[in-house]
């Protein structure tokens with residue numbers, strides 16, 4: 013039974029609000045303490061320094077079981093997870109109310125109310141306005157995503173694209189988890205048009221060859237698709253660029269001489285990232301298309317830089333050679349991108365051909381499910397996740413045992429390349445596909461995709477006899493610092509992937525992290541190679557780096573990270 017519109021809006025707003033408040037606390041931008049009275053507990057939020065003209069305070073219902081952790085901790089506070097906060101948010105001292113108190117769920121209203129609290133953050137006025145706009149976009153879009161909830165339950169026999177589009181809430185902790193803001197050259201996307209992002213139309217343009225650079229056999233591999241869609245290029249000295257229809261204004265702004273090519277109308281299906289699309293099965297094309305989209309989604313503009321486009325094919329070949337057998341690689345077999353030395357321009361003219369592994373899985377009676385989809389919880393109750401329902405995890409013991417099996421497989425497969433070759437995969441819930449036996453429900457392994465965020469310790473890789481020749485100057489991928497590689501591991505595996513799953517399974521206070529630590533130890537011992545003890549010590553140290561999402565937004569960063577030190581979630 014659908015939820016009333018007002019209720020749905022409030023649920024959507026609070027999904028964004030809880031992420032915003034948790035980020036502000038974790039990044040140390042506001043002061044927080046807890047109070048408890050009987051069966052009720054509150055997280056009390058206020059400015060770090062008293063304001064001359066007085067200030068409002070926020071009081072958020074808080075998980076009672078977390079209160080003692082906060083009271084007992086005198087140094088750094090426990091990492092605050094959005095799920096520990098409940099609605100509504102009580103506002104005290106709100107000047108426009110006669111009684112000085114009110115209730116608010118709108119994240120944009122709360123952000124604007126708190127803006128005076130951040131004067132010591134050296135934030136530009138424009139950055140504050142931009143964040144306010146993105147929070148509004150995130151909350152409004154979340155309401156539309158909630159409306160897309162399928163009435164039919166997904167099963168192990170559902171297609172991978174159905175699972176891709178079942179990730180309704182986006183990033184589990186980022187305040188802009190569902191923001192989508194088109195840039196100036198692209199038509200705005202109002203929230204009611206969010207469903208159209210899931211079924212984008214494709215176009216093909218002919219651009220002067222001099223404006224593009226190709227990595228791998230892009231032209232050859234694209235030909236079967238062009239023939240099927242009756243795409244012909246009559247323009248000499250040009251190359252064909254597949255693109256999303258929404259991206260065409262951005263392309264024409266850069267390359268006004270681009271020509272539209274007629275083709276059979278083609279509607280694709282957007283994957284979780286929105287910019288990567290699956291083509292209709294009737295086309296019998298073995299690749300997905302990862303396409304530039306000039307929209308800021310969550311943390312960044314979803315274009316594809318030459319750094320990413322050019323290195324992908326070589327990284328894919330490397331991973332096939334070094335990853336364990338049960339960790340498949342969605343190879344990026346070829347790419348095209350802009351040839352301009354200005355990568356901010358070149359990134360708008362990109363397309364990557366990525367292997368579709370669903371047919372391979374089908375031959376083994378397996379399905380591929382984005383890991384983040386398994387952690388998605390029911391919209392109406394917020395308490396039952398897909399993993400519980402699909403795998404029949406109806407008791408605490410079943411959930412813990414399933415988590416143990418899942419973590420054991422994941423950690424063994426992802427830590428091996430880190431220890432042996434210095435490769436940290438960006439193993440968060442969107443980039444990792446779970447390989448599941450359709451008949452038994454057994455987790456057989458994983459598949460990894462999207463190589464733009466991986467990190468490789470080059471001295472270790474060179475020591476194993478491998479090179480990486482396609483990394484352009486300034487590439488994020490390469491480093492000589494081993495700790496940078498391990499930071500990526502900790503953030504993507506523990507802070508994101510497993511944290512989301514442990515929370516959704518309701519195991520964060522029921523021994524879930526004990527299970528993960530035990531499987532971490534087993535995985536490291538089983539691998540038995542590389543700097544085992546150093547990695548173990550790094551991953552289990554008391555405090556770890558956490559991406560400061562809001563501070564990064566204030567500084568206009570997305571390729572460079574700002575970090576803060578927080579208590580290690582793995583030790584919870």
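In our numbering, the protein residues as written are 13 to 584. Just so you know, even glycine gets a beta-carbon here, dropped at the ideal spot from N, CA and C. Every value quoted in this text rests on a predicted model; they were computed, and no experiment measured them.
State the start and end residues of the unbroken alpha helix (DSSP H) segment that holds residue 344. First-last for residue 344: 344-350, but that is the beta strand (DSSP E), not the alpha helix (DSSP H).
When you compare the segment 408-415 with the segment 472-487, are there three or more beta-carbon pairs, one atom per stretch, that lie closer than 8 angstroms? Result no; under three Cβ-Cβ pairs closer than 8 angstroms.
Residues of its chain near residue 588, where Cβ-Cβ distance is below 6 angstroms and the 5 sequence neighbours each way are ignored: Outside the shown range of the chain, which is 13 to 584, sits residue 588, and nothing can be said about it.
Contacting residues, own chain, Cβ-Cβ under 6 angstroms from residue 302 (five flanking each side not counted): These residues qualify, in order along the chain: 288, 364, 366.
Counting only the same chain and skipping the five closest in sequence on each side, list residues whose C-beta sits under 6 angstroms from that of residue 108. Residue confidence is low: residue 108 scores 46 on pLDDT, short of 50, so the model does not pin down where it sits. Its coordinate-derived value is still stated next. Here the set comprises nothing.
Local conformation of residue 191 per DSSP, three classes: In the structure shown, residue 191 adopts coil according to DSSP, grouped into three states.
Under the three-state reduction of DSSP, which class applies to residue 177: helix, strand or coil? Residue 177: coil per DSSP, three-state reduction.
Cut-off 8 angstroms between Cβ atoms - residues of its own chain near residue 191, not counting five sequence neighbours on either side: 146, 147, 149, 150, 153, 308, 309, 310
Alpha carbon to alpha carbon, what distance is there between residue 51 and residue 205? Approximately 43 angstroms, taken between the alpha carbons.
Given a cut-off of 7 angstroms, decide if residue 55 and residue 74 are closer than it, judged by their beta-carbon atoms. Using a Cβ distance threshold of 7 angstroms, residue 74 and residue 55 count as a contacting pair.
If you reduce the DSSP assignment to three classes, tell me which class residue 503 lands in. helix
When you compare only the Cα positions, how much space is there between residue 453 and residue 403? 7 angstroms
Which residues DSSP lists as bridging residue 449, in chain order: 378
Please return the same chain residues whose Cβ sits closer than 7 angstroms to the Cβ of residue 111, not counting the five positions on each side in sequence. Confidence at residue 111 is low in this model, with a pLDDT of 41, below 50, so its placement is unreliable and no value can be given for it.
Simplified DSSP state of residue 488, which is helix, strand or coil: The three-state secondary structure of residue 488, taken from DSSP, is coil.
I'd like the list of long-range same chain contacts for residue 19, defined as Cβ closer than 8 angstroms, with 5 residues on each side in sequence excluded. none
Taking Cβ positions, are residue 469 and residue 524 nearer each other than 7 angstroms? no
Just curious, the beta strand (DSSP E) that residue 218 is in, first and last residue? 214-220
First through last residue of the alpha helix (DSSP H) which encompasses residue 511: Where residue 511 is concerned, the enclosing alpha helix (DSSP H) stretches over 511-516.
N- and C-terminal bounds of the alpha helix (DSSP H) containing residue 322: 318-334
Cβ shell of residue 175 (< 7 angstroms), same chain only, five flanking positions each side left out: In chain order, 166, 381, 382, 385 place their CB closer than 7 angstroms to the CB of residue 175, counting only its own chain and leaving out the 5 sequence neighbours on each side.
Just checking, does the segment 229-246 make contact with the segment 314-322 on the three C-beta pairs under 8 angstroms criterion? no
Less than 8 angstroms between the CB atoms is what I'm expecting for residue 330 and residue 478, so what's the real figure, rounded? 6 angstroms
Own chain partners of residue 249 with C-beta closer than 6 angstroms, once the 5 adjacent residues on each side are dropped: 221
Figure out for me which residue from 370, 506, 140 has the closest Cα to the Cα of residue 566. 140
Residue 108 by DSSP, collapsed to three states: which one? Low confidence applies to residue 108: its pLDDT is 46, below 50, so where it sits in the model is not reliable, and the reading given next is rough at best. DSSP places residue 108 in coil when its eight states are reduced to three.
Beta-carbon separation (whole angstroms), residue 349 vs residue 361, contact threshold 8 angstroms: 6 angstroms
From residue 599 to residue 509, what distance separates their C-alpha atoms? The question about residue 599 has no answer, for the chain in this structure spans 13 to 584.
What residue range does the beta strand (DSSP E) around residue 312 cover? 312-314
Which of the three DSSP states is assigned to residue 482 in this structure? coil
According to the neighbour-count rule (16 or more other Cβ atoms, all chains shown, within 10 Å of its Cβ), is residue 475 buried or exposed? Its Cβ having fewer than 16 others within 10 Å, residue 475 is exposed.
Spatial neighbours of residue 267 in its chain, beta-carbon cut-off 6 angstroms, leaving aside the 5 residues before and after: 219, 223
Using only the alpha-carbon positions, how far apart do residue 40 and residue 455 sit? 39 angstroms
Who are the Cβ neighbours of residue 142 in its own chain at under 8 angstroms, not counting the five residues just before and after it? 565.
Taking only the alpha-carbon atoms, compute the straight-line gap between residue 427 and residue 241 and give it to the nearest angstrom. Each residue's CA atom was taken as its position, placing residue 427 and residue 241 some 42 angstroms apart.
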